[in-house]
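Student: Protein chains in written order, with the numbering used here: chain R, 1 to 550; chain B, 1 to 674. In this text, a Cβ means the ideal position worked out from N, Cα and C, and glycines have one as well. The structure displayed is predicted, hence computed values, not measured ones.
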């Protein structure tokens, strides 16, 4: 027995006991090849996946290093079969190569002929390949580069891509580190992206993903297309880029429903790209409008399906995806990885919190009991009506009022799903409300007022779920949500995580009706955060006044 | 003469003499008469290449001289014959030739009497020629050089560690599969053994390949933990034995030693599972004939060779096993070739079972080889993960046991939480379902709280306490029970009176609400008893309405009257008519017999006649032999002739019948009715 911090399970999960003295070293050793799956308070779970091992190969690690890391940190003997499997999996990488040929353009070649033959016989691959050039190589249609890589990955013979990336049109971009500097993890993230070529960077909300994007642009020194979720977020990107880089307002264009500018750095919304008129994507020419050297996908977990397909055609360009929560309720995380690139950087939320870059948060689940009459109504309601009934109970309004009073000095957000509930709350609390129908101008005015401290209480619908930068918010009260969405929960908490003055703790309240689907959904929603190490406290609404934290 | 150091050869001869396999006679050493027969047994296994000498062996120098005189082609041919067992065949060579007119190398050799022609074109290399060819030796290559085993250096600690790791996995997997089979046993195939599908499912559960799963179930079976039994439906199934319970209670080291010792001496050949036998059938795991008497010996030989390696040396990856096979084959040259496979399998199985680690025999493995159970347990114990008595609880409702749990604790935790991941450590997840399972087993919320509090080394996360409380709050809110009847009254005191009535004891009344009593006796019994007790109950129908109970008047069924005369008459008529029809058609058959000279008897003509009759729609008389060999004449209207069957309307039966064509002995046209 070896006193290591790591336990290697035969189902290819790695359990890392983080209170162990060698835990930090171990994490460094296994991070290149193992994917972090959960990071609750005591034991973090990593998983060995073929994708992870191949990424490690691509980054220059070999099987020997992986086996050595496992053996030297493992507490118990490592299952032999697992080691053999690691070696075999890693040996599959690079048998096929995608190369640029001076005469034939893009070429798939191999010096292991049986592998090439096996791959060529696969039905899915057939349409992507051109003529057979010689025994060991075959031409590839340049537009199929992405699809081919994806298909080969599924066949278990990932191709090593030597074809390189299009440099794009050069454009000078530099970081303007005046009064601030790139944080260590931001630099690491930008660098590991650059070395990997393309990929996804996962950082918690509020940890400065925009800066990572800017750093990537400064590395690329080329014209850049930035895809974001909505117009407000587009404006925020623009402001941030002007502040943090040498770019000026004239160099940055916005391409959205209202404005259509194409400049060296263009920020477009997903929505405008996926707008169809008579079945045609009218704005797709934006992708070819310039010779982009870099494409940034903000909030890549929201990447809409049509963009998936467009990305497949952009394989020759460098792509970076940014996200805090790579969980998709539709389970299509894999497609994000295969189209944009593998995960290049990931950091546990709690680590960044410990470094002081995001605010610590106190998550509290407040449970209310439905009054007798409503319980009966709930019990007899149609299943599809139940969540609405349970989550919109009037008991919640009292609790919200109570919480708002307790935090009366702190900027507070009240977040909900149902508009009539929000309207009611706004009337009761005498606070402005932002919902889907609020015009962009009005939204920006209210957000600005909130940021400057003019108003300290906002009631918002799901429009504020993403990419709305409200650094001053200290308290969020969630009354209802989109059912059991883990990602929404994480994003809402993310609104609070900008570091606060004097390291103050943010408060995140979720109000839940006991013994209803509301509570069940809440449990599912909290899972992602619990796996990130955010432990929820549960208190009863009746005990609220005695709660020491408030 | 043997290609070896003279001293070694002399020692070997001395040993052979000592064993009384040979004796010194005046004419030199002679083997015991039985020995040469025993040695000759298997041509393919013969390794020495020695052929019998000619009856009158010529002088060796003479032979050498004759060899010298050969042409290069003939010499090459001779060397080839010698390499391939000293026998060859030729079709065309003449038997008697003189050296001068030999046309081919073969004839040249025959002429020089270096190859002796035998029956059927076979040519034999005489022993003395072979000897001369090999420079006076029995073999071309030295025989006293023991093949070396290819080894690499391995840290002894690493060997012990990885062997123990495998040992732990084996024990865990055997326990897992038998636990599972105790609940859902797989069926026994008709020919014995386990079906391929069940083996595949087991392999999947255990995260091993099929060969690995096969080895595990075989070892479990020879250790007496698994045997054939019968399930509830009386089907033959594979079931864990009662010894399994005793086994699971032991420590990991003891359990492993039991498995390893059982494996060492078994004749079972697990390595064949999922390969195919010469007839192309796949071998099933646990199949009765999957054994070989040579297996234990091969296994011991292999392990002894491993044990003989110096400390710190281990089998080299890749080349280690083949070199080991060579070495064992040298030590036991006369074993059939299957022995080699058994040796190779033994080495790889020993690795899977944790007797060896990283290619070398562990200390515990040596103890097993020596058959010393206690020493094996003592040797492996320090290298096994220590059982832990605690888990780490986390806010995402998982519990991680950072090592193998103590058996009792593991069982309890199994009850209240679901297993998510297994291995050196175990990850459990608490779900409402798993906590409810504990309540179902009779736990209270307090007990669950105490249990998780006592096993956790970290504070119990609040979500877990809430989960337990939430489940306990809804647990048992609806109660279900059995009752035969109920009593309901708005007047609570009336029920109380009944409940406490001294003579109501046999009714088993129980109060479940102030106004409801239940009873375990049925309404039929309850009603008269209640009346006896002075109550005036009313019976409720299932829909809640009052059912007025009136005594049913008893009535018997009207006796059935006899059949009507008309019906009886009709039956008689029908019977008579049938008899008359049969007699008439018989008559017609008889009538046709003597006067019909054109009785067809050959099969072809019979068929032709039948076809003719079908087309003409005429009636024929056929001779037919029935199942019992009785021949009868039938008057039939042929309808169809196909597939060796004649379908025809049989006049006697007055129905369509099928006749086998090969039983039709004759076909004759029906003579016109007189």
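Run through chain R and tell me which residues come within less than 8 Å of residue 127 (chain B), C-beta to C-beta.
Tutor: Counting from one through the second chain, the residue named residue 127 (chain B) turns up at place 127. In chain order: nothing, as chain R lies at least about 49 Å away.
Student: Where do the ends of the beta strand (DSSP E) carrying residue 675 (chain B) lie?
Tutor: The question about residue 675 (chain B) has no answer, for chain B in this structure spans 1 to 674.
Student: Give a yes or no on whether 8 Å exceeds the smallest Cβ distance from residue 550 (chain R) to chain B.
Tutor: The residue given as residue 550 (chain R) occupies position 550 in the first chain. Bear in mind that the predicted position of residue 550 (chain R) carries a pLDDT of just 44, short of 50, making it unreliable; the figure below should be weighed with that in mind. Output row for residue 550 (chain R): interface = no.
Student: Let me see if you follow: with CB-CB separation under 8 Å, is residue 428 (chain B) close to chain R or not?
Tutor: Within the second chain, residue 428 (chain B) is the residue found at index 428, counting from 1. With 8 Å as the cut-off, residue 428 (chain B) does not count as an interface residue toward chain R.
Student: What distance in whole Å lies between the Cβ atoms of residue 209 (chain R) and residue 322 (chain R), which are believed to be in contact at a cut-off of 8 Å?
Tutor: Walking along the first chain from the start, residue 322 (chain R) turns up at place 322. Walking along the first chain from the start, residue 209 (chain R) turns up at place 209. 4 Å between Cβ atoms; contact.
Student: Quick test of your reading: residue 559 (chain R) and residue 107 (chain R), contact by CB under 8 Å. State the CB separation rounded to the nearest angstrom.
Tutor: Residue 559 (chain R) is absent from the structure shown; chain R starts at 1 and stops at 550.
Student: Give me the Cα-Cα distance between residue 223 (chain B) and residue 398 (chain B), rounded to the nearest whole angstrom.
Tutor: Counting from 1 along the second chain, the entry for residue 223 (chain B) is found at position 223. Counting from 1 along the second chain, the entry for residue 398 (chain B) is found at position 398. One C-alpha to the other measures close to 36 Å.
Student: Return the chain-ordered list of same chain residues with a C-beta closer than 7 Å to the C-beta of residue 261 (chain R), the five sequence neighbours on each side being excluded.
Tutor: For the purposes of this step, residue 261 (chain R) is taken as residue 261 along the first chain, with counting starting at 1. Once the five neighbours on either side are set aside, the close Cβ partners of residue 261 (chain R) are 253, 254, 255.
Student: Determine the closest residue to residue 421 (chain B) out of B:219, B:665, B:403, with distance taken between C-alpha atoms.
Tutor: For the purposes of this step, residue 421 (chain B) is taken as residue 421 along the second chain, with counting starting at 1. Of the candidates B:219, B:665, B:403, the one whose C-alpha sits nearest the C-alpha of residue 421 (chain B) is B:403.
Student: Look at residue 193 (chain R) and residue 320 (chain R) and say whether their C-beta atoms are less than 8 Å apart.
Tutor: Position 193 of the first chain holds residue 193 (chain R). Position 320 of the first chain holds residue 320 (chain R). For residue 193 (chain R) and residue 320 (chain R), yes; Cβs fall inside 8 Å.
Student: Within 10 angstroms of its Cβ, does residue 147 (chain R) collect 16 or more other Cβ (buried), or is it exposed?
Tutor: In the first chain, residue 147 (chain R) corresponds to position 147, counting from 1. Under this definition residue 147 (chain R) is a buried residue.
Student: To which residues does DSSP link residue 107 (chain R) through a beta bridge?
Tutor: Along the first chain, read from residue 1 onward, the residue named residue 107 (chain R) stands at position 107. In DSSP, residue 107 (chain R) forms a bridge with R:99, R:139.
Student: State the DSSP-derived secondary structure class of residue 452 (chain R), mapped to helix, strand or coil.
Tutor: For the purposes of this step, residue 452 (chain R) is taken as residue 452 along the first chain, with counting starting at 1. DSSP places residue 452 (chain R) in helix when its eight states are reduced to three.
Student: Hey, would you say residue 346 (chain B) sits closer than 8 Å to residue 363 (chain B), going by beta carbons?
Tutor: As a working mapping, residue 346 (chain B) is identified with position 346 in the second chain. As a working mapping, residue 363 (chain B) is identified with position 363 in the second chain. Result no, Cβ atoms of residue 346 (chain B) and residue 363 (chain B) do not sit closer than 8 Å.
Student: To the nearest angstrom, how far is it from the Cα of residue 624 (chain B) to the Cα of residue 565 (chain B)?
Tutor: Residue mapping note: residue 624 (chain B) aligns to position 624 of the second chain, counting from 1. Residue mapping note: residue 565 (chain B) aligns to position 565 of the second chain, counting from 1. Taking the straight line joining both Cα atoms gives about 41 Å.
Student: Buried or exposed for residue 35 (chain R), please, with buried defined as at least 16 other CB atoms from any protein chain shown within 10 angstroms of its CB.
Tutor: If you number the first chain from 1, residue 35 (chain R) lands on position 35. Residue 35 (chain R) should be labelled buried.
Student: Within the 8 Å Cβ cut-off, does residue 80 (chain R) reach chain B?
Tutor: On the first chain, position 80 is the one that residue 80 (chain R) refers to. Yes, residue 80 (chain R) lies at the interface with chain B (some Cβ there is under 8 Å from its Cβ).
Student: Can you tell me where the alpha helix (DSSP H) with residue 19 (chain B) in it begins and where it stops?
Tutor: Position 19 of the second chain, counted from the first residue, corresponds to residue 19 (chain B). No alpha helix (DSSP H) contains residue 19 (chain B), which DSSP labels as neither H nor E.
Student: Can you tell me which of the three DSSP states residue 337 (chain R) falls into?
Tutor: Position 337 of the first chain holds residue 337 (chain R). Reduced to three states, the DSSP call for residue 337 (chain R) is helix.
Student: Can you tell me which of R:189, R:10, R:206 puts its alpha carbon nearest to the alpha carbon of residue 506 (chain R)?
Tutor: The residue labelled residue 506 (chain R) in the question sits at position 506 within the first chain. Per the Cα distances, R:206.
Student: At the level of alpha carbons, what is the spacing between residue 48 (chain R) and residue 144 (chain R)?
Tutor: Mapped onto the first chain, residue 48 (chain R) falls at position 48. Mapped onto the first chain, residue 144 (chain R) falls at position 144. One C-alpha to the other measures close to 29 Å.
Student: Can you tell me whether residue 556 (chain B) is helix, strand or coil according to DSSP?
Tutor: Looking up residue 556 (chain B) in the second chain gives position 556. Coil at residue 556 (chain B), not helix or strand.
Student: Please say whether residue 368 (chain B) and residue 260 (chain B) have beta carbons closer to each other than 8 Å?
Tutor: Taking the first residue of the second chain as position 1, residue 260 (chain B) is located at position 260. Taking the first residue of the second chain as position 1, residue 368 (chain B) is located at position 368. A contact, by the Cβ cut-off of 8 Å.
Student: Threshold first: 4 residues or longer. Then list the alpha helix (DSSP H) segments lying entirely within the segment 411-472 of chain R, N to C.
Tutor: Complete alpha helix (DSSP H) runs here, min 4: 419-429, 440-452.
Student: Starting from residue 211 (chain R), trace the alpha helix (DSSP H) in both directions and tell me its first and last residue.
Tutor: Stepping through the first chain from its first residue, residue 211 (chain R) is reached at position 211. Looking at the DSSP string, the run of the alpha helix (DSSP H) that includes residue 211 (chain R) is 209-220.
Student: Might you give, ordered along the chain, the residues of its own chain that have their beta carbon closer than 6 Å to the beta carbon of residue 189 (chain R), omitting 5 neighbours on each side?
Tutor: Here the question's residue 189 (chain R) lines up with position 189 in the first chain. Hits under 6 Å: 201, 212, 345.
Student: Please state if the CB of residue 366 (chain R) and the CB of residue 185 (chain R) are separated by a distance shorter than 8 Å.
Tutor: What you label residue 185 (chain R) is simply residue 185 of the first chain in a count that begins at 1. What you label residue 366 (chain R) is simply residue 366 of the first chain in a count that begins at 1. Not closer than 8 Å, so no.
Student: Under three-state DSSP, which class holds residue 42 (chain B)?
Tutor: Taking the first residue of the second chain as position 1, residue 42 (chain B) is located at position 42. Per-residue confidence for residue 42 (chain B) stands at a pLDDT of 41, beneath the threshold of 50, marking its modelled position as unreliable; the derived number appears in the next sentence. Coil, per DSSP.
Student: Pick helix, strand or coil for residue 205 (chain R), following the three-state DSSP scheme.
Tutor: Here residue 205 (chain R) corresponds to residue number 205 of the first chain, with the count starting at 1. Of the three classes helix, strand and coil, the one that applies to residue 205 (chain R) here is coil, per DSSP.
Student: Residues in its own chain within less than 6 Å of residue 116 (chain R) by CB, not counting five upstream and five downstream?
Tutor: Stepping through the first chain from its first residue, residue 116 (chain R) is reached at position 116. Contacts found: 110.
Student: What's the call for residue 487 (chain R), buried or exposed, on a 16-neighbour Cβ count within 10 Å?
Tutor: What you label residue 487 (chain R) is simply residue 487 of the first chain in a count that begins at 1. Residue 487 (chain R) comes out buried.
Student: Is the separation between the beta-carbon of residue 166 (chain B) and that of residue 405 (chain B) shorter than 8 Å?
Tutor: For the purposes of this step, residue 166 (chain B) is taken as residue 166 along the second chain, with counting starting at 1. For the purposes of this step, residue 405 (chain B) is taken as residue 405 along the second chain, with counting starting at 1. Their beta carbons are not under 8 Å apart, which means residue 166 (chain B) does not touch residue 405 (chain B) by this criterion.
Student: For a test of your reading of the model: does the CB of residue 169 (chain R) fall under 7 Å from any non-hydrogen atom of the ligand NAD? Yes or no.
Tutor: Of the ligands one can find in the structure shown there are none, so the ligand NAD has no counterpart to examine.
Student: In this structure, does DSSP put residue 211 (chain B) in helix, strand or coil?
Tutor: Counting from one through the second chain, the residue named residue 211 (chain B) turns up at place 211. It is helical.
Student: If we ignore side chains and look at the alpha-carbon of each, how far apart do residue 299 (chain B) and residue 218 (chain B) end up?
Tutor: Reading the second chain from its first residue, position 299 is the one you call residue 299 (chain B). Reading the second chain from its first residue, position 218 is the one you call residue 218 (chain B). Residue 299 (chain B) and residue 218 (chain B): Cα-Cα distance of roughly 15 Å.
Student: Can you give me the Cβ contacts of residue 46 (chain B) inside the same chain, cut-off strictly under 6 Å, excluding the 5 residues immediately before and after it?
Tutor: Working through the second chain from its first residue, we reach residue 46 (chain B) at position 46. Below a pLDDT of 50, predicted positions are generally treated as unreliable, and residue 46 (chain B), at 39, falls in that range; no measurement from the model is reported.
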